[in-house]
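Q: Quick one: the structure is below, and I'll ask about it shortly.
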Amino acid sequence: MAYEERLEHEQTCPLAYVTCEYCQTALARKQMADHYDMDCYKAPIPCTYCFFGCKEKMQRNELARHLQEFTQAHMRMMAQTLRSFSSSFPPTSNMASGSLDPNQFEPAPSYPVPPSMSSPHDSSQQVQSMKETIEQLEARLVIQDHQIRELIAKMETQTAVVTDLKHTVRALEEKLVEVEAQQYNGVFVWKISNFSAHLRSQEEERPVVIHSPGFYTGKPGYKLCLRMHLQSPSAPRCANYISLFVHTMQGEYDNLLHWPFQGTIRLSILDQSECSNIQDQEEIMDTKPDLLAFQRPTLPRNPKGFGYVTFMPIQALRQRMFIKNDTLLVRCVVTTQGELNSPRREGFHPRNSDGATL
Numbered sequence: 001m002a003y004e005e006r007l008e009h010e011q012t013c014p015l016a017y018v019t020c021e022y023c024q025t026a027l028a029r030k031q032m033a034d035h036y037d038m039d040c041y042k043a044p045i046p047c048t049y050c051f052f053g054c055k056e057k058m059q060r061n062e063l064a065r066h067l068q069e070f071t072q073a074h075m076r077m078m079a080q081t082l083r084s085f086s087s088s089f090p091p092t093s094n095m096a097s098g099s100l101d102p103n104q105f106e107p108a109p110s111y112p113v114p115p116s117m118s119s120p121h122d123s124s125q126q127v128q129s130m131k132e133t134i135e136q137l138e139a140r141l142v143i144q145d146h147q148i149r150e151l152i153a154k155m156e157t158q159t160a161v162v163t164d165l166k167h168t169v170r171a172l173e174e175k176l177v178e179v180e181a182q183q184y185n186g187v188f189v190w191k192i193s194n195f196s197a198h199l200r201s202q203e204e205e206r207p208v209v210i211h212s213p214g215f216y217t218g219k220p221g222y223k224l225c226l227r228m229h230l231q232s233p234s235a236p237r238c239a240n241y242i243s244l245f246v247h248t249m250q251g252e253y254d255n256l257l258h259w260p261f262q263g264t265i266r267l268s269i270l271d272q273s274e275c276s277n278i279q280d281q282e283e284i285m286d287t288k289p290d291l292l293a294f295q296r297p298t299l300p301r302n303p304k305g306f307g308y309v310t311f312m313p314i315q316a317l318r319q320r321m322f323i324k325n326d327t328l329l330v331r332c333v334v335t336t337q338g339e340l341n342s343p344r345r346e347g348f349h350p351r352n353s354d355g356a357t358l
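Per UniProt numbering, the sequence shown runs over residues 1 to 358.
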């Protein structure tokens, strides 16, 4: 067989295997037509109700969903088609009385008429059957409309219930966070996980600002939180530094406390080494009552913070094991004015903070 003949044979041979262009199934060429018409789940097909006016086309595996979603529309199309079909027949009373004038009517639309409808009597029965079918379809539409309204009402009720439950869960979560914050009693350890990602952002000149959860100095006590900045390499006067600040927050006991907040705050980035020679990076600062940072907050978190713009060089994090398991630990110990008689740790003295207005 010549090469050209072989190519032509391969393109027409009914036993040659070909691939379905829709679902990629391999079948003999002679089976492909039946596959398209009956089996291929991705083959485009018209809607079952195309005779009644539905123009949608879809993949075969989407037909069931289409029929379910457009049941009412299909019934209306069917009813309209049946009305149009039945109106093409003359009234039976005129036929019975013999008073029908052949010239009285326009030619009826051309519909395929089965042999069983060839006589006036058969036509009358067929029209009556169509009318009954229309009435049944309209009754089903009414029932389905009622069911849809009930489902919509039920869905709206359930949506409202779910919304209320979400609000309740959110309130409980906030309450749980508040209860946890009250357990710190002035000693708070902030775990900053995935710290390497923050360092990468800092190196790429992207702003890194992290806020801690709130914590209380006691029960009752002031509510505070910490804010950390990783200053970018191009930051003026504080490039590549860790900045650390304390913020007052609105708390549960604010009405019972004396304002402005007064006390001593010890901030530490903890050395997580397991050796005995642990060297935390630590600073102690006294509050300044005249600053806005220590007034009673009028917002959930006081925008004014108090602390250190140059708390620690970022490079110093690598000199000790300040980062362990990709986690940085920051500790804040707060002593309120009534507790200031307790002795400070030897070797540490308050350093003037350099970020009181930030």
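Every residue gets a Cβ at the ideal spot worked out from N, C-alpha and C, and that includes glycine.
In or out: C47 buried (at least 16 other Cβ within 10 Å) or exposed?
A: The residue in question, C47, is buried, as its Cβ has 16 or more Cβ neighbours within 10 Å.
Q: Would you call the region 203 to 221 in contact with the region 173 to 190, where contact means no fewer than 3 C-beta pairs closer than 8 Å?
A: yes
Q: How long is the line joining the alpha carbons of F215 and L226, rounded to whole angstroms?
A: 9 Å
Q: Put E174 into one of helix, strand or coil per three-state DSSP.
A: helix
Q: Can the beta-carbon of F52 be found less than 8 Å from the beta-carbon of M77?
A: yes
Q: Beta-carbon within less than 6 Å of Q272's beta-carbon, same chain only, minus the 5 sequence neighbours each way: which residues are those?
A: Excluding its 5 nearest sequence neighbours in each direction, Q272 has C-beta neighbours in its own chain below 6 Å: M321, K324, listed in chain order.
Q: What residues match up with E283 in a beta bridge as DSSP calls it?
A: L267
Q: In chain order, what residues of the same chain lie with their CB nearer than 7 Å to the CB of E56, ignoring the 5 residues before and after it?
A: C47, H66
Q: Applying the criterion that 16 or more other CB atoms from any shown protein chain within 10 Å of the CB defines a buried residue, is N194 buried or exposed?
A: exposed
Q: Ignoring anything shorter than 3 residues, give me the beta strand (DSSP E) runs that lie fully in the region 134 to 200, in order along the chain.
A: The qualifying runs are 187 to 192.
Q: Decide yes or no for the touch test of the region 255 to 269 against the region 326 to 336: beta carbon pairs closer than 8 Å, at least 3 of them.
A: yes
Q: Whole-angstrom Cβ separation of A43 and R60, contact assumed at under 8 Å?
A: 5 Å
Q: DSSP three-state label for S84, please.
A: helix
Q: Can you determine whether any heavy atom of the ligand HEM sits closer than 7 Å to the C-beta of F188, and answer yes or no?
A: As far as ligands go, the structure on display features none, and thus does not contain the ligand HEM.
Q: Give the list of continuous beta strand (DSSP E) stretches no shorter than 3 residues that lie fully inside the region 291 to 319.
A: 306 to 313
Q: Would you identify the three-state DSSP class for T25, choosing helix, strand or coil?
A: coil
Q: On the three-state DSSP scale, how would you describe H258?
A: In the three-state reduction of the DSSP assignment, H258 falls in the coil class.
Q: Quick check: L256 and G307, are their CB atoms within less than 8 Å of each other?
A: no
Q: Give the range of the beta strand (DSSP E) segment to which Q231 is assigned.
A: Unbroken run through Q231: none, as it is neither H nor E.
Q: Can you tell me whether M285 is buried or exposed? The criterion is at least 16 other CB atoms within 10 Å of its CB, across all chains shown.
A: buried
Q: Between S232 and E203, what straight-line distance do the alpha-carbon atoms span, to the nearest angstrom?
A: 7 Å
Q: By DSSP's criteria, T248 is part of a beta bridge. Which residues make up the other side?
A: Residue pairing by DSSP places T248 opposite L224 in a beta bridge.
Q: Out of V161, F294, N302, point me to the one whose CA is closest to H211's CA.
A: N302
Q: Around the Cβ of Q281, are there at least 16 other Cβ atoms within 10 angstroms (buried) or fewer (exposed)?
A: buried
Q: Kindly list the residues whose CB is nearer than 6 Å to the CB of S201, restricted to its own chain and excluding five residues on each side of it in sequence; keep chain order.
A: V208
Q: In whole angstroms, what is the alpha-carbon distance linking E156 and E135?
A: Approximately 32 Å, taken between the alpha carbons.
Q: Using three-state DSSP, classify C13 as helix, strand or coil.
A: coil
Q: If I measure Cβ to Cβ from L15 and keep anything under 8 Å in the same chain, skipping five residues before and after, which residues do I get?
A: A28, R29, K30
Q: If I measure Cβ to Cβ from T71 and keep anything under 8 Å in the same chain, skipping five residues before and after, which residues do I get?
A: Q144
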